[in-house]
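In this note's numbering, the protein residues as written are 1 to 556.
From the three backbone atoms N, C-alpha and C, an ideal C-beta is built for every residue, glycine too.
Since this is a predicted model, take the numbers as computed values, not measurements.
Contents: one structure, followed by commentary.
Below is the structure:
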């Protein structure tokens with residue numbers, strides 16, 4: 001029960017006691033034969049006066065008790081309580097002296113101020129009021145009875161007086177105990193309310209922290225001392241595709257989420273209380289590998305004992321791919337600059353040598369060496385074709401841009417593609433969809449397509465299927481060349497497009513490098529997806545040309 005409710009009940013009890021006492025006096029006075037000189041005769045005016053006085057007294061009682069309801073009631077002296085004690089004492093005294101012939105009424109009236117005083121201010125006040133009421137009783141008997149001594153009065157009322165003191169002491173004692181318990185309960189309630197308030201603040205801070213971790217752009221994982229996962233945030237679930245249930249209690253070194261990474265050195269570092277940071281390869285639910293920059297941090301309690309580990313990481317796969325792409329483009333640019341610088345200087349003397357070889361081969365005295373001359377000319381032509389490809393890597397190679405449709409370029413060179421396919425006893429399948437026109441250099445795009453097709457054919461066994469697709473994917477027009485080869489080993493995938501890198505015995509390593517260079521000049525990108533069933537080269541052209549391409553087209 002609340003403090004305010006308990007105090008309201010006490011004041012309600014006091015008001016009821018006061019009103020009861022007042023009503024006893026009022027009706028006692030009205031029905032007494034000593035209050036009016038004309039026995040049995042009551043005028044309406046006298047009754048109205050008595051009722052008015054009684055109601056006024058009740059109003060005063062209610063006012064004081066209502067005021068007491070706002071005070072701290074702990075049985076200490078309070079001036080506000082004085083009228084509540086004095087008033088019933090006065091009323092009881094008047095009633096006793098007015099109605100002296102009713103013993104039961106007299107004794108009942110004297111109990112009222114004792115009960116009220118003890119219930120308001122405790123046992124000391126209750127005993128004191130019992131003493132006052134005893135004096136009133138003795139004084140009344142002395143005045144109303146003839147030839148009686150004070151000793152006789154006390155002896156005749158000793159039992160009632162004793163009961164008054166017992167009632168004052170007992171009621172006050174119960175009231176005091178109840179007040180002490182109420183005070184202790186109030187303190188406990190205040191302490192509990194404070195604790196609840198502090199707990200609510202702590203819970204709110206915890207909710208904020210949990211929300212911050214959930215909304216963090218970094219991957220957050222909490223593990224036990226063995227590395228078993230106890231918590232993952234939303235970013236982890238978004239990137240990996242795992243749910244909390246699927247990943248709970250799995251070890252972070254488990255092949256389910258870890259890609260061939262040795263955690264022994266990491267555990268050695270973090271279990272010693274130090275932080276570990278570095279790059280790791282991890283695995284998504286679909287088996288895809290991604291690169292993370294990971295920080296492993298030990299959690300310690302107030303005594304400095306490690307209880308958990310926090311694994312905070314950032315997915316840096318795209319950044320790594322971008323760095324590799326930049327490095328590859330830098331290599332292309334370097335080779336292109338070298339090609340532009342020395343390509344022509346090499347071709348000029350080769351042209352001179354070829355011309356002299358043709359001249360010598362036509363002379364009669366050299367006819368017997370014609371086979372050797374023809375072989376030398378073929379090798380010079382082969383070297384010239386390599387140099388031509390080499391010059392295609394030049395960053396600033398002039399291009400002739402115009403609006404052209406990718407499908408029309410494919411239709412033009414399809415006979416050449418079909419001829420290459422038939423030579424190897426393969427099949428080609430075209431899946432062409434409507435695509436918008438693009439700003440392209442038609443000759444370079446032809447070279448790009450033919451290089452991709454020939455590269456795919458060389459990767460396939462006899463009888464394989466080659467698939468060429470064009471389609472629109474949002475803001476991109478996509479050209480796909482798909483083979484049915486054995487795929488590209490993952491350790492070689494990063495080297496694709498590097499000048500002079502080849503896995504073929506007779507390759508120059510310039511075919512794909514030229515494709516990447518052409519794509520770069522058209523602000524396009526080449527993506528490679530490979531597995532054991534084959535490889536797909538996807539060239540993505542932006543549907544909305546850049547200002548640089550528009551300027552080149554305008555100049556052309």
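Run of the beta strand (DSSP E) containing residue 402, from where it starts to where it stops: In the chain shown, residue 402 corresponds to position 402, counting from 1. DSSP places residue 402 in the uninterrupted beta strand (DSSP E) bounded by 402-404.
DSSP state of residue 199 mapped onto helix, strand, coil: Numbered from its first residue, the chain shown carries residue 199 at position 199. Correct three-state label for residue 199: helix.
6 Å CB neighbourhood of residue 361 in its chain, flanking five on each side removed: Mapped onto the chain shown, residue 361 falls at position 361. A distance below 6 Å between beta-carbons, with the five flanking residues on each side excluded, links residue 361 to the following residues of its chain, in chain order: 370 and 373.
Residue span of the alpha helix (DSSP H) that contains residue 521, given as start and end: By 1-based counting over the chain shown, the position of residue 521 is 521. Judged by DSSP secondary structure, residue 521 falls within the alpha helix (DSSP H) whose first and last residues are 511-521.
Host alpha helix (DSSP H) of residue 498 (start-end): Position 498 of the chain shown, counted from the first residue, corresponds to residue 498. In this chain, residue 498 is not harboured by any alpha helix (DSSP H), its DSSP state being neither H nor E.
As assigned by DSSP and simplified to three states, the class of residue 325: One-based indexing of the chain shown puts residue 325 at position 325. In this structure, residue 325 counts as helix in the three-state DSSP scheme.
Beta-carbon proximity list for residue 452, same chain, < 7 Å, skipping 5 on both sides: Stepping through the chain shown from its first residue, residue 452 is reached at position 452. So the list reads 481, 515 and 537, once near-sequence residues are dropped.
Beta carbon of residue 466 nearer than 7 Å to that of residue 424: Along the chain shown, read from residue 1 onward, the residue named residue 466 stands at position 466. Along the chain shown, read from residue 1 onward, the residue named residue 424 stands at position 424. With contacts defined as CB atoms closer than 7 Å, residue 466 and residue 424 fail to qualify as a contacting pair.
Coarse secondary structure for residue 460, derived from DSSP in three states: Residue 460 sits at position 460 when you count from the first residue of the chain shown. Here residue 460 carries a coil assignment [DSSP, helix/strand/coil].
Residue 439, buried or exposed, once every other Cβ within 10 Å from all chains shown has been counted against 16: Along the chain shown, one-based indexing puts residue 439 at 439. With 16 or more Cβ atoms within 10 Å of its Cβ, residue 439 is classed as buried.
Closest Cα partner of residue 499 within the set 153, 512 and 206: Here residue 499 is taken as the residue at index 499 of the chain shown, counted from 1. Between residue 499 and the set 153, 512 and 206, the nearest pair of CA atoms involves 512.
Residue from 233, 486, 303 and 487 with nearest C-alpha to residue 214: Along the chain shown, one-based indexing puts residue 214 at 214. It is 233.
Rounded distance between the beta-carbons of residue 306 and residue 299, thought under 8 Å: The sequence position of residue 299 within the chain shown is 299, counting from 1. The sequence position of residue 306 within the chain shown is 306, counting from 1. Confirmed, about 7 Å.
Identity of the residue in 247, 327 and 142 nearest residue 155 by Cα: Taking the chain shown and counting its residues from 1, one reaches residue 155 at position 155. Residue 155 has its Cα closest to that of 142, out of 247, 327 and 142.
Proximity to residue 533 [Cα-Cα], best of 544, 489 and 220: Along the chain shown, read from residue 1 onward, the residue named residue 533 stands at position 533. With distances taken between CA atoms, residue 533 lies nearest to 489 out of 544, 489 and 220.
Paired residues, beta bridge with residue 312 - DSSP: Start at 1 with the first residue of the chain shown, and residue 312 comes out as number 312. For residue 312, the beta-bridge partners assigned by DSSP are 220 and 295.
Cβ pair count under 8 Å reaching 3, the region 119-127 against the region 156-170: Touching, yes, given that three or more Cβ pairs across the two stretches are closer than 8 Å.
Cα-Cα separation, residue 238 to residue 400: Here residue 238 is taken as the residue at index 238 of the chain shown, counted from 1. Here residue 400 is taken as the residue at index 400 of the chain shown, counted from 1. Rounded to whole angstroms, the gap between the alpha carbons of residue 238 and residue 400 is 45 Å.
Residue environment, residue 292, which counts as buried when at least 16 other CB atoms sit within 10 Å: Counting from one through the chain shown, the residue named residue 292 turns up at place 292. Residue 292 is classed as buried because its beta carbon has at least 16 other beta carbons within 10 Å across all chains shown.
Touch test, the region 149-163 against the region 211-226, Cβ-Cβ under 8 Å, three pairs minimum: Taking 8 Å as the limit for Cβ pairs, the verdict is that the region 211-226 does not touch the region 149-163.
Under 7 Å between C-beta atoms of residue 114 and residue 133: The residue you call residue 114 lines up with position 114 of the chain shown. The residue you call residue 133 lines up with position 133 of the chain shown. The answer is yes: Cβ separation under 7 Å.
Endpoints, the beta strand (DSSP E) within which residue 589 is located: Beyond the ends of the chain as shown, which are 1 and 556, falls residue 589; an answer cannot be given.
Straight-line gap, residue 450 to residue 517 (C-alpha atoms, nearest Å): On the chain shown, residue 450 is found 450 positions in, with the first residue counted as 1. On the chain shown, residue 517 is found 517 positions in, with the first residue counted as 1. Rounded to the nearest angstrom, the two C-alpha atoms are 14 Å apart.
Simplified DSSP assignment, three categories, for residue 488: By 1-based counting over the chain shown, the position of residue 488 is 488. Reduced to three states, the DSSP call for residue 488 is coil.
Assigned exposure category for residue 34 - 16 Cβ within 10 Å defines buried: As a working note, residue 34 is residue 34 in the chain shown. Any reading at residue 34 is ruled out, since the residue's pLDDT is 48, under 50, leaving its predicted position unreliable.
With 16 other Cβ atoms within 10 Å as the buried cut-off, status of residue 204: Position 204 of the chain shown, counted from the start, is the residue given in the question as residue 204. Residue 204 should be labelled exposed.
Coarse secondary structure for residue 468, derived from DSSP in three states: Within the chain shown, the letter at position 468 stands for residue 468. It is a strand residue.
N- and C-terminal bounds of the beta strand (DSSP E) containing residue 236: Here residue 236 refers to the residue found at position 236 of the chain shown. In the DSSP assignment, residue 236 falls outside any beta strand (DSSP E) and lies within the alpha helix (DSSP H) extending over 234-240.
Inter-residue CB distance, residue 150 and residue 138 (contact presumed, cutoff 8 Å): Position 150 of the chain shown holds residue 150. Position 138 of the chain shown holds residue 138. Rounded, the Cβ-Cβ distance is 7 Å, consistent with contact.
Rounded separation between residue 200 and residue 268 - CA only: In the chain shown, the residue the question calls residue 200 occupies position 200. In the chain shown, the residue the question calls residue 268 occupies position 268. Whole-angstrom Cα-Cα distance: 39 Å.
Beta-carbon proximity of residue 228 to residue 249, cut-off 7 Å: By one-based count along the chain shown, residue 228 stands at place 228. By one-based count along the chain shown, residue 249 stands at place 249. Yes. Within cutoff.
Buried versus exposed, by CB contacts within 10 Å (16 or more), residue 281: Looking up residue 281 in the chain shown gives position 281. Exposed.
Reference residue 257; option with closest CA among 297, 461, 285 and 493: Taking the first residue of the chain shown as 1, we reach residue 257 at position 257. Looking at the Cα atoms, 285 is the closest of the given residues.
Through-space distance from residue 497 to residue 510, alpha-carbon basis: On the chain shown, position 510 is the one that residue 510 refers to. On the chain shown, position 497 is the one that residue 497 refers to. Taken atom to atom, the span from the alpha-carbon of residue 510 to that of residue 497 is near 8 Å.
Distance between beta carbons of residue 309 and residue 326, contact taken as under 8 Å: Working through the chain shown from its first residue, we reach residue 326 at position 326. Working through the chain shown from its first residue, we reach residue 309 at position 309. Not a contact, Cβ separation roughly 35 Å.
Which of helix, strand or coil DSSP assigns to residue 244: Locating residue 244 in the chain shown gives position 244, where the first residue counts as 1. Note: residue 244 maps to helix in three-state DSSP.
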